[in-house]
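Numbering (our numbering), first residue to last: 50 to 469.
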């Protein structure tokens, strides 16, 4: 039982290897292209950079420690302007020394650090969103290659059908020659047309191979491993715009709002707790001429009002930049809506053309079939038969072209709106 099961598994694996991976879907191409595109590695780099930047910002919560040392010579020192009976006071040395450390813990800095961290997070989100914008443009390139291959495959299929029609016509013409109702010249014309079709097939195969290699490079897959490209179904779409650029504009405005908050925090009075300890000659006792340790602890309030001189204009600059991004967003929405309207008109045009194409294909097929019978009877020349076949081929190609143009316009509409 186990042996049979293993043989079955091996058979399934072998079949999958031989017959490929099935049809290649457009949405799979999008997913693979996003994973395979070199720019996707930037996501990890941005996250690492954000991690390091936030870690550095958090260091601001720790107290700062400074170490100082100084040696000075003073022109004057403190003196007692009178003498005390039975007491000798040693005059202070004009050479004085001090070595100390100071520990500062900012309290208002907590607000600044909070706003700085928000700026770091928002900036990382902006850079990540820029990558998503570029990925959206990547999808449009994948669409063009995917539908280009589908169009070529359709043309190849039609040419192969034309080959069959030419071969059938040649066989019937050969029979007519034997019956004495047709000349060898008509058979030669059909053979020339067969060679022309072979040339067209060679050109189309080369174009398909080139596009397939390009698409394979984009998605990181060997296209030959797939049985075919699956023609997508007509999607249902709306005019709602969900492009990543809109989120980018929103993040950029959010970044400016965070800058405004940071500007406020930086111009507030600064309250610090501090502790200073060291040794000096003199220490805190200015009348002592000996080295002695000392410490000072307390709170310190400072306010640099110089920043207030430019605060108002800086806020106006931020507001102007915020409004400028709003204008960019409006322009983007306007242009995108215009593109969507244009693609909607292309879809409607293709749908109308397909309706008439279907009727033309039917009529040209009937004409070609009738001409084929007449060729067998020797009542028409091979030239007339070739013209009928070419007219049928052109009608079929127009139908295929308009169908794929409609599908491509529909999916480009979805891509441009950001819903695919």
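Glycine residues also receive a C-beta, built at the ideal position from the N, C-alpha and C atoms.
Predicted, not measured: the structure shown is a model, and the values here were computed from it.
| Check | Outcome |
| --- | --- |
| Around the C-beta of residue 88, are 16 or more other C-beta atoms found within 10 angstroms, so that it is buried, or is it exposed? | exposed |
| Using the three-state DSSP reduction, which class does residue 110 fall into: helix, strand or coil? | helix |
| At which residue ranges does the region 146-199 contain complete alpha helix (DSSP H) runs of 4 or more residues, listed in the order of the chain? | none |
| How is residue 349 classed by DSSP in three states: helix, strand or coil? | strand |
| Among residues of its own chain, excluding the 5 on either side of residue 433, which ones have a beta-carbon nearer than 7 Å to its beta-carbon? | 420 |
| Which runs of the beta strand (DSSP E) at least 3 residues long sit entirely within the region 256-299? Give them in chain order. | none |
| Taking DSSP as the reference, what is the three-state secondary structure of residue 450? | helix |
| Are the beta-carbon atoms belonging to residue 145 and residue 349 less than 8 Å from one another? | no |
| According to DSSP, simplified to helix, strand and coil, what is residue 143? | coil |
| Quickly, what does DSSP pair residue 118 with across the bridge? List them, please. | 148 |
| Which parts of the region 64-106 are runs of the beta strand (DSSP E), unbroken and 3 residues or longer, counting only runs that do not cross its ends? | none |
| Count the other C-beta atoms from every protein chain shown that fall within 10 angstroms of the C-beta of residue 354, then say buried if there are 16 or more, exposed otherwise. | exposed |
| To which residues of the same chain is residue 249 closer than 7 Å at the C-beta, ignoring the five residues directly before and after it? | 208 |
| Got a sec? Which residues, its chain only, sit under 6 Å from residue 381 by beta carbon, not counting five neighbours each side? | 294 |
| What whole-angstrom Cβ distance do residue 316 and residue 357 have, given they're in contact under 8 Å? | 6 Å |
| To the nearest angstrom, how far is it from the Cα of residue 431 to the Cα of residue 253? | 26 Å |
| According to DSSP, residue 321 sits in a beta bridge with which residue or residues? | 155, 349 |
| Just checking, does the region 165-174 make contact with the region 442-450 on the three C-beta pairs under 8 Å criterion? | no |
| Using the C-alpha atoms, what's the distance from residue 241 back to residue 213? | 14 Å |
| Given this structure, state the Cα-to-Cα distance separating residue 184 from residue 91, to the nearest angstrom. | 12 Å |
| Roughly how many angstroms separate the alpha carbons of residue 403 and residue 83, rounded to a whole number? | 34 Å |
| At the level of alpha carbons, what is the spacing between residue 105 and residue 99? | 10 Å |
| On a Cα-Cα basis, can you pick out the residue from 215, 124, 275 that is closest to residue 438? | 215 |
| On a Cα-Cα basis, can you pick out the residue from 435, 454, 466, 339 that is closest to residue 245? | 435 |
| By alpha-carbon positions, which one of 158, 394, 181, 324 ends up nearest to residue 288? | 394 |
| Alpha carbon to alpha carbon, how far is residue 270 from residue 387? Give it in angstroms, no decimals. | 35 Å |
| Sorted by chain position, which residues of the same chain lie with C-beta nearer than 6 Å to residue 157's C-beta, five sequence neighbours on each side aside? | 317, 319, 320 |
| Suppose you measure from the CA of residue 226 to the CA of residue 211; what does that come to, to the nearest Å? | 22 Å |
| Leaving out five residues on either side along the sequence, give the residues of the same chain with a beta carbon under 7 Å from the beta carbon of residue 385. | 290, 292, 465 |
| Please list, in chain order, all residues of the same chain as residue 367 whose beta carbon is under 7 Å from its beta carbon, the five residues on each side excluded. | 305, 308, 309 |
| What separation, rounded to the nearest whole angstrom, lies between the Cα atoms of residue 103 and residue 161? | 13 Å |
| Return the CA-CA distance between residue 352 and residue 372, expressed in angstroms with no decimal places. | 32 Å |
| So does the region 187-200 actually touch the region 449-457, counting three or more Cβ pairs closer than 8 Å? | yes |
| Just to confirm before moving on: does the CB-CB distance between residue 221 and residue 424 stay below 8 Å? | yes |
| The alpha helix (DSSP H) spanning residue 367 covers which residue range? | 357-426 |
| Between residue 323 and residue 153, how many whole angstroms is the CB-CB distance? I'm expecting something under 8 Å. | 5 Å |
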